[in-house]
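Numbering (this note's numbering), first residue to last: 1 to 514.
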Amino acid sequence: MFKNTDKHVLTIIVLYAAVQIAYLITEYIITGHQFGAPLDDVWIHFRFAENFAHGFFYQYNPGEPTPGTTSPLWVIVLSLPFLFSQTAIIPFALFTGSLFFLIALVELYKYCIRLGFDGIFSLFITLLTMGAGRLLWSSLSGMEITLFTLLCVLIFKNHLGEIQRGRLTIVNGLLLGIAANTRPETYLLAGLYYVTSLYLLRKNLRGNLGRFALSILIFAALLLPYPIFSYIHTGGFLPNTYEGQVGDTPKYIPNFTFLLESGKIFVKDNFFIFLLWLAGSGYFVLTVLKRKIENNFLLVNLWVIMLPLVSAFAAPNWRHHGRYLIPLIPFINIVAIYILRKILKHFKDREFRHYGLLRKVSMALVLLATINSAVLFAGVLGWNVQNINSQQGNIGTWLKANLPDEKAFGMNDIGIITFTTKKYVVDMAGLVTPEIFRFQKMSYEEGTKSLFRLLKERGVNYIIIYPDWFEYIMSHHSNAFEKVYSARLEKNTICGGIEMFVYKINWDKIDLQK
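Laid out in structure tokens, this is it:
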């Protein structure tokens with residue numbers, strides 16, 4: 001006979017398979033019988049991975065190494081199918097992301113059991129996480145989000161074992177090093193982990209000091225190669241994406257718009273979970289003030305509070321469904337259900353007459369809100385993929401068929417177009433062409449001339465852009481651009497503009513003199 005734990009794990013696996021099949025069917029119908037990726041960023045990783053598999057390590061344009069990704073490990077993972085066939089990349093990316101999420105769910109259930117939740121509440125937390133629409137979207141996005149989520153769950157689970165035994169291990173140094181090459185948010189998590197470990201194991205610090213130092217050494221050894229690579233090729237330790245999205249100006253006040261927009265996203269995820277999360281965070285602050293911190297939940301609370309706050313200073317970006325905070329969802333669910341359990345216990349201890357009904361209704365409301373999120377994001381995933389395929393994928397196919405002799409293109413969204421054409425690209429947003437960032441700090445006139453010189457030097461005769469992104473160029477040099485093709489969306493859910501244009505540059509109409 002199965003134990004309850006075994007039954008719960010089996011329930012997780014069966015339900016997960018059913019939900020994933022439903023998502024894939026929905027995507028297949030919405031896209032007109034196609035599959036794909038819901039972000040152009042995914043195709044950027046595919047192009048990096050394709051080149052990586054052929055010996056061009058972290059090179060978007062072969063021969064030009066550049067730190068154009070914040071997830072160097074994901075590039076390596078995605079490079080595997082390119083050793084055999086380019087056509088395998090979509091099924092491989094979807095299967096891998098989905099598998100990582102399934103493993104994360106099983107490990108989350110085991111982690112909740114170790115935290116002290118009983119089997120039903122542990123299963124409940126896991127099902128809430130499984131039904132979180134944005135995580136389901138992530139699992140079939142082709143991005144590194146679910147891999148990072150899995151690594152976080154493993155780190156927290158191992159940390160719990162360490163504080164329960166009073167003995168540090170080097171496992172988390174290894175896991176944090178791997179996670180740092182998956183997402184840069186790990187830098188914060190590592191800091192929180194090591195500080196929390198020092199605090200919780202302070203009574204036995206001498207016995208743990210050697211392992212603590214070794215753990216940090218392993219973490220640093222795995223962390224440093226990519227920042228060093230970045231410094232060698234750009235003069236900075238951070239990937240190009242950081243300067244492109246955030247800039248290099250220090251932030252002394254938080255971006256309140258980021259906090260507001262991120263809050264809205266979490267409210268839409270599950271309003272009841274959001275309220276319970278706020279209550280749980282308030283309760284945590286109270287335990288800190290009263291010096292009654294619950295050790296098992298210290299790192300969890302610090303993570304779900306500090307990541308949004310630090311992001312508001314360091315990387316206030318809520319685009320793509322707030323994807324940078326999506327890995328918080330399992331831990332927010334833990335905090336939320338922890339406080340819900342305390343509320344229910346309060347009524348039970350006072351022998352509330354309708355306690356049983358209250359328990360069932362409260363859990364049902366939370367679960368129904370999650371189911372709503374899951375249903376909503378099945379459509380979101382389908383429409384996101386449809387948009388990328390119909391606009392940027394469409395243009396990539398057109399360029400390949402109609403301009404096969406062109407050696408290079410300039411564009412602002414470089415993923416699927418470059419992956420399809422295999423041409424040299426000048427990234428007018430700077431992700432893989434970091435010279436652009438220098439131009440953006442010049443005056444509009446000088447920056448535009450510098451951009452045009454770069455385009456001409458690289459052999460670009462056609463640019464593929466959203467005109468609204470380049471208002472100065474279009475208003476001052478529109479006579480030099482001849483529209484030759486465009487792709488317009490009827491319903492834009494993810495792209496940078498509703499219509500993307502292919503322009504031929506008439507170089508004789510542009511003055512490149514200083």
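All residues carry an ideal CB built from backbone N, CA and C; glycine is no exception.
Trp277 and Phe100 have their alpha carbons spaced roughly 25 Å apart. With contacts defined by Cβ atoms closer than 8 Å, Ile395 and Tyr485 form a contacting pair. Under the three-state reduction of DSSP, Lys407 is assigned to coil, being neither helix nor strand. Relative to Pro434, the option among Pro308, Ile293, Thr66 whose CA is nearest is Thr66. Taking C-alpha positions only, Tyr28 is separated from Phe35 by approximately 6 Å. Nearest neighbour of Leu454 by Cα position, chosen from Lys423, Asp427, Ile343, Asp405, turns out to be Asp427.
When the beta-carbon positions are compared, Asn506 and Ile498 stay at least 8 Å from each other. The closest CA to that of Leu174, considering only Arg206, Ile163, Ser215, is found on Ser215. Membership of Arg323 in any beta strand (DSSP E) is not indicated, and neither H nor E is assigned to it by DSSP. In this structure, Gly166 places its C-beta atom within 8 Å of the C-beta atom of Leu201. For Ile113, the CB contacts under 6 Å within the same chain, skipping 5 residues up- and downstream, are Ser122 in chain order.
Within its own chain, the residues whose Cβ lies closer than 7 Å to the Cβ of Glu261, once the five positions on either side in sequence are excluded, are Trp318, listed in chain order.
Cβ-Cβ distances below 7 Å link Tyr338 to Gly280, Phe297 in the same chain, with the five nearest sequence neighbours on each side left out; the list follows chain order. The alpha helix (DSSP H) runs of length 4 or more contained entirely in the segment 54–83 are, from start to end of the chain, 72–79.
Cβ-Cβ distances below 6 Å link Ile155 to Asn172, Leu175 in the same chain, with the five nearest sequence neighbours on each side left out; the list follows chain order.
For Phe481, the three-state secondary structure derived from DSSP is strand. The C-beta separation of Leu192 from Trp43 comes to about 33 Å, leaving the pair out of contact by the 8 Å criterion.
With a cut-off of 8 Å on Cβ pairs, the segment 370–378 is in contact with the segment 128–139, counting three or more such pairs.
Taking C-beta separations shorter than 6 Å and ignoring five residues to either side along the sequence, the partners of Tyr58 in its chain run Pro65, following chain order.
Using a Cβ-Cβ distance cut-off of 8 Å, the segment 467–478 and the segment 355–367 are not in contact, since fewer than three pairs of beta carbons, one from each stretch, lie closer than that value. Listed in chain order, the beta strand (DSSP E) elements of length 3 or more contained wholly in the segment 353–440 are 408–411, 424–427. Taking C-beta separations shorter than 7 Å and ignoring five residues to either side along the sequence, the partners of Ile293 in its chain run Thr287, following chain order. Secondary structure of Asn461 (DSSP, three-state): strand. Note on geometry: alpha-carbon atoms of Lys7 and Ala221 lie some 41 Å from one another. Here DSSP, grouped into helix, strand and coil, assigns Ser98 to helix.
DSSP links Lys504 through a beta bridge to Tyr462, Glu482. Remark: C-beta atoms of Ala104 and Thr149 approach each other more closely than 8 Å. Contact between Ala401 and Tyr424 is ruled out by a C-beta separation of about 18 Å, above the 8 Å threshold. Every alpha helix (DSSP H) of 4 residues or more that sits fully in the segment 258–333 is shown, in chain order, as 271–289, 295–314, 319–322.
In this structure, Gly447 places its C-beta atom within 8 Å of the C-beta atom of Phe439.
The alpha carbon of Ala312 has as its nearest neighbour, out of Thr234, Asn270, Phe256, Pro239, the alpha carbon of Phe256. In the structure shown, Glu490 falls within a coil segment according to DSSP collapsed to helix, strand and coil. For Thr186, the uninterrupted alpha helix (DSSP H) segment begins and ends at 186–200. Judged by DSSP in its simplified three-state form, Glu144 adopts coil rather than helix or strand.
In summary, Arg323 is buried, with 16 or more beta-carbon neighbours lying within 10 Å of its beta-carbon over all protein chains present. In its chain, beyond the 5 residues on either side, Lys423, Asn461, Tyr462 have a beta carbon closer than 7 Å to the beta carbon of Glu406.
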